[in-house]
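Novice: Questions regarding the structure given below will be posed in turn.
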């Protein structure tokens, strides 16, 4: 185990990178939800001025990174690396969205967990001495994701109650070696967990065991209780997955419920917005983190947050071939103090 | 710029990680090519004992990582991180291939450049003090890639002379903090470069400008001439792209030809194997690096190699929407001495 490793699968960052800027851009439906006041931009046009949904998603990513850089008062040329990903085949949301930025680029795929992955690797790049400034960005778009993973929108496919609604949104974070925080202090990289769930319309159930695996490792590695954090927030387990996660910990005699929430449950009003089990997509946890959560930290509402982005690493082909759903979760400790 | 940065976009690793083990597994056609003696395993069965090509690719990845670990005499439990990716939608070659390995997992997408990306990030994880042991792995499979990017094999689509043949192959490298080398000494992370090439059957032309961008930056950042290396090898530019790259440098008054080669040109005999412009796929550069190149370094044939994996970040959807092809190149310096 390396010197920065603590416990089995976590690392403590000796020089915690600082969040210098963060921004989020979302679509109309997200802007009608309970977090509407936390978004930097609510775009009423699903196409973002483009001709296709995929191009719209790319435009949204570019816009979001530009806004995060503006808020950090940094030009793109100061960014040594951008770590980026999305849900689309061959990750074109990122590669087309960022191709004009002229920033060294690391492409990632972590499904809906990508914001946890990109934020972790950005923090490691800075703490490891490879960069003074790095950016993490992800996006998802309801319309491009439906076309990609499910049915053409025009088909009007019915959704079961366990299904989640892919968020149209993007979140970006600019990290710097020095700054006033909030800081990234600890990381727990997830292992792939597959408990045999095969229902692609119930990704919360598939991802909950991965969240449990990573969070359990995190608490054990750092020798802390869940109450160490003011808020523990999973990516997008939704109503089904969040309940399973709470149950898993209850079986261990641990009650995470008092300070636990899920981005997929926070971003929409399930009563009023007809999203079934909640929001999902890598734009879900990204836009909640870069809006509501980091704004709340800056306002002093929370001092320590554990951001645990979750992802289902399936594809439509794997589902058609009868495969179960491997999932993963990346946990990132964010603190107002170093 | 951080302390490990040199020049504009390169880093020098103060504690160069050592290649403790490397392995490659390929398919029948690759085993009939000029590098046949360098592969650890040539599998005559395109299905690798599975029922679909996607599952075959996953089985190949799992087999390759296991072999690399065996050659390094390390158990999977000693690996703190695996950095992995492939060409399939949602990167299922990696997520399904490695789900049973119980190793913390970072999913990447760099198209055919993924071996350069995974090797770079593995090296950074170790040099940065986050891991003592990390693994990098990628794969591609001719049959799954054809289905993914082009036509069903049964359709028998014609291929223009500029097209390349996706390699069925996987390569894995296990890096350790200490060891006898070869060592990873320098990294240059590429920027996305898009010169407007739109022909998805001419990816060599699309990727050559990215290779030129990264290699130029590398030479400038390190203040070296191409002759610094015994061999400079690009990922899979093929006949068209390799010629363009040599031309680009010639325009700068630099002749890279004497010590330059391309994995896509090395792996097949273009005269005898009907592969048109050469091999491609992230298994191409991965299997050439982990077989022929690293074996050659161990045998003393080369002391310093610059491995410059290249990738075209397109998707079938982006092509159908009339988009050009953004490309990227990651350069990794590998040396027998620290």
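Chains as they are written, first to last, in our numbering: chain X, 1 to 338; chain U, 1001 to 1338. Yeah, the Cβ is synthetic: ideal placement off N, Cα and C, and Gly gets one too. A quick note: this is a predicted structure, and the numbers were derived from the prediction, not measured.
1) Roughly how many angstroms lie between the CA atoms of residue 34 of chain X and residue 290 of chain X, to the nearest whole one?
2) For residue 1124 of chain U, would you say it is in contact with chain X, using Cβ-to-Cβ distances shorter than 8 Å as the test?
3) What's the gap between the Cα of residue 1240 of chain U and the Cα of residue 247 of chain X?
4) Are residue 1117 of chain U and residue 1128 of chain U closer than 8 Å when you measure CB to CB?
5) For the candidate residues U:1070, U:1038 and U:1095, whose alpha-carbon lies nearest to that of residue 1059 of chain U?
6) Would you say residue 1286 of chain U and residue 1170 of chain U are within 8 Å of each other, going by their C-beta atoms?
7) Please name the residue or residues paired with residue 24 of chain X in a DSSP beta bridge.
8) Please report whether the beta-carbon of residue 1177 of chain U lies at a distance below 8 Å from any beta-carbon of chain X.
9) Please list, in chain order, the residues of the region 1081-1093 of chain U that have any C-beta partner in chain X closer than 9 Å.
10) Name the residues in the region 1096-1112 of chain U whose C-beta lies less than 9 Å from a C-beta of chain X; which are they?
11) Return helix, strand or coil for residue 1212 of chain U, following the three-state DSSP convention.
12) To the nearest whole angstrom, what separates the beta carbons of residue 1015 of chain U and residue 1177 of chain U, a pair I think is in contact under 8 Å?
13) Give the range of the alpha helix (DSSP H) segment to which residue 246 of chain X is assigned.
14) Taking C-beta pairs closer than 8 Å, name the residues in chain U that residue 190 of chain X reaches, listed in chain order.
15) Quick check on residue 1276 of chain U - is its C-beta less than 8 Å from some C-beta in chain X?
16) Taking residue 263 of chain X as the reference, give the member of X:201, X:4 and X:237 with the closest Cα.
17) If you draw a straight line from the alpha carbon of residue 1179 of chain U to that of residue 1076 of chain U, how long is it in whole angstroms?
18) Using the beta-carbon of each residue, which ones in chain X are nearer than 7 Å to residue 1328 of chain U?
19) Among the residues of its own chain, which have a CB less than 8 Å from the CB of residue 1151 of chain U, if the five just before and after it don't count?
20) Does the beta carbon of residue 1054 of chain U sit closer than 8 Å to a beta carbon anywhere in chain X?
21) Here's the rule I'm using: 16 or more other beta-carbon atoms within 10 Å means buried, otherwise exposed. How should residue 9 of chain X be labelled?
22) Would you say residue 1157 of chain U faces chain X, with C-beta separation under 8 Å as the test?
23) On the DSSP bridge assignment, give the partners of residue 82 of chain X in chain order.
24) Please name the residue or residues paired with residue 12 of chain X in a DSSP beta bridge.
25) Are the beta-carbon atoms belonging to residue 112 of chain X and residue 318 of chain X less than 8 Å from one another?
26) Can you look up residue 311 of chain X in the DSSP assignment and give me helix, strand or coil?
27) Need the endpoints of the beta strand (DSSP E) that residue 234 of chain X sits in, please.
28) Looking only at its chain, what residues have a beta carbon closer than 7 Å to the beta carbon of residue 210 of chain X, apart from the 5 residues adjacent to it on each side?
29) When you compare each of X:184, X:20, X:93 and X:216 to residue 360 of chain X by their alpha carbons, which one comes out closest?
30) Mind listing which residues of the region 1192-1225 of chain U have their C-beta closer than 7 Å to chain X's C-betas, in chain order?
31) Just reading off the beta strand (DSSP E) that residue 1126 of chain U is part of, what are its end residues?
32) Name, in chain order, the residues that DSSP records as bridge partners for residue 306 of chain X.
33) Using a threshold of 8 Å, state whether the C-beta atoms of residue 234 of chain X and residue 308 of chain X are closer than that.
34) Let's test the definition: count the other Cβ atoms within 10 Å of the Cβ of residue 221 of chain X and tell me whether it reaches 16, buried, or not, exposed.
35) Residue 1002 of chain U to residue 3 of chain X, Cα distance in whole Å?
36) State the beta-bridge partners of residue 1328 of chain U as determined by DSSP.
Specialist: Once the coordinates are examined:
1) On the first chain, position 34 is the one that residue 34 of chain X refers to. On the first chain, position 290 is the one that residue 290 of chain X refers to. Approximately 15 Å between the Cα atoms of the pair.
2) Along the second chain, one-based indexing puts residue 1124 of chain U at 124. Yes - at least one Cβ of chain X is within 8 Å of the one on residue 1124 of chain U.
3) Here residue 1240 of chain U corresponds to residue number 240 of the second chain, with the count starting at 1. Here residue 247 of chain X corresponds to residue number 247 of the first chain, with the count starting at 1. Rounded to whole angstroms, residue 1240 of chain U to residue 247 of chain X spans 58 Å at the Cα level.
4) As a first step, residue 1117 of chain U is located in the second chain; it is residue number 117 there, counting from the start. As a first step, residue 1128 of chain U is located in the second chain; it is residue number 128 there, counting from the start. No; because the gap between Cβ atoms is not below 8 Å, this pair is not in contact.
5) As a position in the second chain, residue 1059 of chain U is number 59, starting the count at 1. Taking only the C-alpha atoms, the option nearest residue 1059 of chain U is U:1095.
6) Here residue 1286 of chain U is taken as the residue at index 286 of the second chain, counted from 1. Here residue 1170 of chain U is taken as the residue at index 170 of the second chain, counted from 1. Yes, the Cβ-Cβ distance between residue 1286 of chain U and residue 1170 of chain U is below 8 Å.
7) In the first chain, counting from the first residue as 1, residue 24 of chain X sits at position 24. For residue 24 of chain X, which the question treats as bridged, DSSP gives the partners X:171.
8) Working through the second chain from its first residue, we reach residue 1177 of chain U at position 177. Interface residue, yes.
9) 1081, 1085, 1087, 1088, 1089, 1090, 1091 and 1092
10) 1096, 1098, 1099, 1100, 1101, 1102, 1103, 1104, 1105, 1106, 1107, 1108, 1109, 1110 and 1111
11) By 1-based counting over the second chain, the position of residue 1212 of chain U is 212. Residue state, collapsed to three classes: helix.
12) Within the second chain, numbered from 1, the residue matching residue 1015 of chain U stands at position 15. Within the second chain, numbered from 1, the residue matching residue 1177 of chain U stands at position 177. At roughly 7 Å, the Cβ-Cβ gap stays under 8 Å, so residue 1015 of chain U and residue 1177 of chain U are in contact.
13) Locating residue 246 of chain X in the first chain gives position 246, where the first residue counts as 1. Run containing residue 246 of chain X: 238-251, per the alpha helix (DSSP H) assignment.
14) Working through the first chain from its first residue, we reach residue 190 of chain X at position 190. Correct list: 1104 and 1105.
15) By one-based count along the second chain, residue 1276 of chain U stands at place 276. Chain X, which has no Cβ nearer than 8 Å to the Cβ of residue 1276 of chain U, makes this no.
16) Position 263 of the first chain, counting from 1, holds the residue named residue 263 of chain X. Of the listed residues, the one whose Cα sits closest to residue 263 of chain X is X:237.
17) Residue numbering aside, residue 1179 of chain U sits at position 179 when the second chain is read from its first letter. Residue numbering aside, residue 1076 of chain U sits at position 76 when the second chain is read from its first letter. Taking the straight line from one Cα to the other gives about 18 Å.
18) Here residue 1328 of chain U is taken as the residue at index 328 of the second chain, counted from 1. Result: 105.
19) Counting from 1 along the second chain, the entry for residue 1151 of chain U is found at position 151. The residues are 1157.
20) In the second chain, the residue the question calls residue 1054 of chain U occupies position 54. Yes, residue 1054 of chain U counts as interfacial toward chain X.
21) Position 9 of the first chain, counted from the start, is the residue given in the question as residue 9 of chain X. By the neighbour-count rule (16 or more Cβ atoms within 10 Å), residue 9 of chain X is buried.
22) Looking up residue 1157 of chain U in the second chain gives position 157. Not an interface residue.
23) Position 82 of the first chain, counted from the first residue, corresponds to residue 82 of chain X. DSSP lists X:105 and X:135 as partners of residue 82 of chain X.
24) Working through the first chain from its first residue, we reach residue 12 of chain X at position 12. Looking at the DSSP assignment, residue 12 of chain X forms a beta bridge with X:186.
25) As a first step, residue 112 of chain X is located in the first chain; it is residue number 112 there, counting from the start. As a first step, residue 318 of chain X is located in the first chain; it is residue number 318 there, counting from the start. The answer is no: Cβ separation not under 8 Å.
26) To locate residue 311 of chain X, count along the first chain from 1; it is residue 311. Strand.
27) Within the first chain, the letter at position 234 stands for residue 234 of chain X. From DSSP, the beta strand (DSSP E) with residue 234 of chain X extends over 231-234.
28) Mapped onto the first chain, residue 210 of chain X falls at position 210. The residues are 190, 193, 310, 327, 328 and 329.
29) Chain X is shown only over 1 to 338; residue 360 of chain X falls outside these bounds and no answer can be derived.
30) 1192 and 1194
31) Counting from 1 along the second chain, the entry for residue 1126 of chain U is found at position 126. Careful: residue 1126 of chain U lies outside any beta strand (DSSP E), inside the alpha helix (DSSP H) at 1114-1127.
32) Residue numbering aside, residue 306 of chain X sits at position 306 when the first chain is read from its first letter. According to DSSP, residue 306 of chain X bridges with X:232 and X:333.
33) Walking along the first chain from the start, residue 234 of chain X turns up at place 234. Walking along the first chain from the start, residue 308 of chain X turns up at place 308. The answer is yes: Cβ separation under 8 Å.
34) Indexing the first chain from 1 puts residue 221 of chain X at position 221. By the 10 Å Cβ count, residue 221 of chain X comes out buried.
35) The sequence position of residue 1002 of chain U within the second chain is 2, counting from 1. The sequence position of residue 3 of chain X within the first chain is 3, counting from 1. Going from the Cα of residue 1002 of chain U to the Cα of residue 3 of chain X covers about 21 Å.
36) Numbered from its first residue, the second chain carries residue 1328 of chain U at position 328. Note: residue 1328 of chain U sits in a beta bridge opposite U:1311.
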